[in-house]
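Worksheet: the structure to be examined is printed underneath.
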Amino acid sequence: MIEYENLHNLNKPFFKEYEEAFKEVMQSGWYILGKKVTEFEQQFAAYCQSKYCVGVANGLDALTLSLKALDLPKNTEVIVPSNTYIATILSIVQNGLQPVLVEPDIESYNIDPAKIEQAITPNTKVIMVVHLYGKVCEMDKIMTIADKHGLKVIEDCAQSHGAKYKNKLSGSFGHYAAHSFYPTKNLGAMGDAGAITTSDAELMERVKVLRNYGSKVKYYNEVVGYNSRLDELQAALLLVKLKYLDKINEHKRKLAAIYQKELKSDFIKPQVTQDNYDVYHIYNIRHPKRDALKDHLLKNEIKTEIHYPVSPVKQLAMKNIIDKQITLISEEIHNTTLSLPISFYHTESEIQSNRGLK
């Protein structure tokens, strides 16, 4: 059986270094906002070609605090792709803002820049882009639109650590970038963890205060804040894996290249362009008989996943919030997408020999 993912096997190459990192943190006696968090923030900011990084508790908090730091009026409109994972939209709703769904490009699955401008109103203040599956959006076009209309841009980089667009890294285009280090990500922790990167010193300071109860000095609270701090232990483990992120991405790109070459022509494969360096957090295909294909592959001992089976507009939680917005392209993607195994621990021979895919 070829599993879709196995976190033990994924992390096994790092166990020895993890044990050393754990021991160092345990013996330090400092477990919240210590030197490991500071060290990771410095290294990850440098990796992302940003000036600053603020570690937070998870990817959703990274998105939520990024919006909170902008101090936007209630019901401000935030443009967001209609086929994103629900967390992106939750961050907007939890800030009392209004998500405005813009359809993706049917080939890249990322927000379609050609559709953004028609969704802008006087209430629009932010474009929240999502680099889905490990492919960076067409950020030159998006930043041009944002500059023209005076809008802030937040990048959801949960799936795109190390991905590039025109040789520029994901997370280095917008005003803020939100990162998730959920264990299955290319840069995954051993639990929940997240970060915000930015090159704006003022925005960085706001987020640092917000993540720590609204406080710069202990017991003195300037604003209504949150408890959302990157754990010292998770930071230590992420420092280990960050050293190998480029290697992880290159391996997944090799596996993706096998799929691209060997998959039957009736599968709709991911778009590949010269402008994009994709890191394939997810290798998704599309097929009109997706559910039957998923069952067929399981019978042939290949486990798959669906990212994502239900579109945001059809989520019960979004009733009366976004349920009146029409998202036909998003529905097409959600109804036909299927994610194939592409973990760092999968071998090229395993992918090459997958039964049921040829």
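Letter by letter, the sequence shown follows residues 904 to 1261 in our numbering.
Don't be surprised by glycine CBs; every beta carbon is placed ideally from N, CA and C.
Quick one: using the 10 Å Cβ neighbour count with 16 as the cut-off for buried, is residue i buried or exposed?
{"i": "I1229", "result": "exposed"}
{"i": "G1065", "result": "buried"}
{"i": "D1194", "result": "exposed"}
{"i": "A1098", "result": "buried"}
{"i": "V1033", "result": "buried"}
{"i": "Y894", "result": "With the chain covering 904 to 1261 only, the question about residue 894 has no answer from this structure."}
{"i": "Y1123", "result": "exposed"}
{"i": "A964", "result": "The amino acid occupying residue 964 in the given sequence is Asp; Ala does not appear at that position. Buried, since its Cβ has 16 or more Cβ neighbours within 10 Å."}
{"i": "V1120", "result": "exposed"}
{"i": "Q1177", "result": "exposed"}
{"i": "V1182", "result": "buried"}
{"i": "S1131", "result": "buried"}
{"i": "S931", "result": "exposed"}
{"i": "M904", "result": "exposed"}
{"i": "N1203", "result": "exposed"}
{"i": "G1263", "result": "No answer is possible for residue 1263: it lies beyond the span of the chain, which begins at 904 and ends at 1261."}
{"i": "N912", "result": "exposed"}
{"i": "L910", "result": "exposed"}
{"i": "K926", "result": "exposed"}
{"i": "K1227", "result": "exposed"}
{"i": "N1257", "result": "buried"}
{"i": "S994", "result": "buried"}
{"i": "S1168", "result": "exposed"}
{"i": "P1212", "result": "exposed"}
{"i": "L1072", "result": "buried"}
{"i": "P1025", "result": "exposed"}
{"i": "K971", "result": "buried"}
{"i": "L1106", "result": "buried"}
{"i": "S1133", "result": "Before going further, note that residue 1133 is Leu rather than Ser in the sequence given. Per the 10 Å Cβ criterion, buried."}
Taking the CB atoms as reference points, tell me whether residue i and residue j lie closer together than 8 angstroms.
{"i": "G1074", "j": "I1057", "result": "no"}
{"i": "I1048", "j": "P1016", "result": "yes"}
{"i": "V1216", "j": "L1004", "result": "yes"}
{"i": "S953", "j": "S1083", "result": "no"}
{"i": "E1108", "j": "G937", "result": "no"}
{"i": "N1089", "j": "H1184", "result": "yes"}
{"i": "Y950", "j": "L1145", "result": "yes"}
{"i": "E908", "j": "T1087", "result": "yes"}
{"i": "M1042", "j": "Y1012", "result": "no"}
{"i": "I1023", "j": "H1052", "result": "yes"}
{"i": "E962", "j": "V940", "result": "Rather than Glu, the amino acid found at residue 962 in this sequence is Gly. Against a cut-off of 8 angstroms, the Cβ pair of V940 and G962 comes out as no contact."}
{"i": "A1104", "j": "V928", "result": "no"}
{"i": "L1260", "j": "L1166", "result": "yes"}
{"i": "F1269", "j": "L1196", "result": "The structure shown has nothing for residue 1269, since the chain only spans 904 to 1261."}
{"i": "K1172", "j": "I1188", "result": "yes"}
{"i": "F947", "j": "T1100", "result": "yes"}
Can you round the beta-carbon distance between residue i and residue j to whole angstroms, since I take them to be within the 8 angstroms contact cut?
{"i": "A960", "j": "D1095", "result": "6 angstroms"}
{"i": "I1245", "j": "Y1180", "result": "That pair is no contact at about 16 angstroms."}
{"i": "I992", "j": "V983", "result": "6 angstroms"}
{"i": "L1243", "j": "Y1162", "result": "6 angstroms"}
{"i": "S969", "j": "A1061", "result": "Rounded, the Cβ-Cβ distance is 12 angstroms, inconsistent with contact."}
{"i": "S1063", "j": "V1039", "result": "6 angstroms"}
{"i": "K1055", "j": "L966", "result": "Contact doesn't hold; Cβ gap of about 13 angstroms is too wide."}
{"i": "N986", "j": "S1233", "result": "4 angstroms"}
{"i": "Q1021", "j": "A1092", "result": "The pair is not a contact, with the Cβ atoms about 39 angstroms apart (cut-off 8 angstroms)."}
{"i": "V1127", "j": "F917", "result": "That belief does not hold up - the Cβ atoms of V1127 and F917 are roughly 38 angstroms apart, past 8 angstroms."}
{"i": "L1241", "j": "H1190", "result": "6 angstroms"}
{"i": "Q1001", "j": "V981", "result": "7 angstroms"}
List the DSSP bridge partners of residue i.
{"i": "Y1068", "result": "K1071 and N1179"}
{"i": "I995", "result": "Bridge partners of I995: none, in fact."}
{"i": "Y1123", "result": "V1120"}
{"i": "V1056", "result": "I1030"}
{"i": "D1134", "result": "I935"}
{"i": "G1128", "result": "Per DSSP, none; premise fails for G1128."}
{"i": "K958", "result": "Contrary to the premise, residue 958 reads as Gly rather than Lys in this sequence. The partner list for G958 (beta bridge, DSSP) reads A1098."}
{"i": "H1082", "result": "A1098"}
The segment 1239 to 1251 in contact with the segment 1150 to 1161 per 3-pair CB rule at 8 angstroms:
yes
Kindly confirm or deny that the segment 916 to 924 and the segment 1113 to 1126 touch, where touching means at least three C-beta pairs closer than 8 angstroms.
no
Count the C-beta pairs between the segment 1212 to 1226 and the segment 960 to 979 that are closer than 8 angstroms, then say yes if the count reaches three, no if not.
no
Could you say if the segment 1140 to 1153 and the segment 1206 to 1216 meet the contact criterion of at least three C-beta pairs nearer than 8 angstroms?
no
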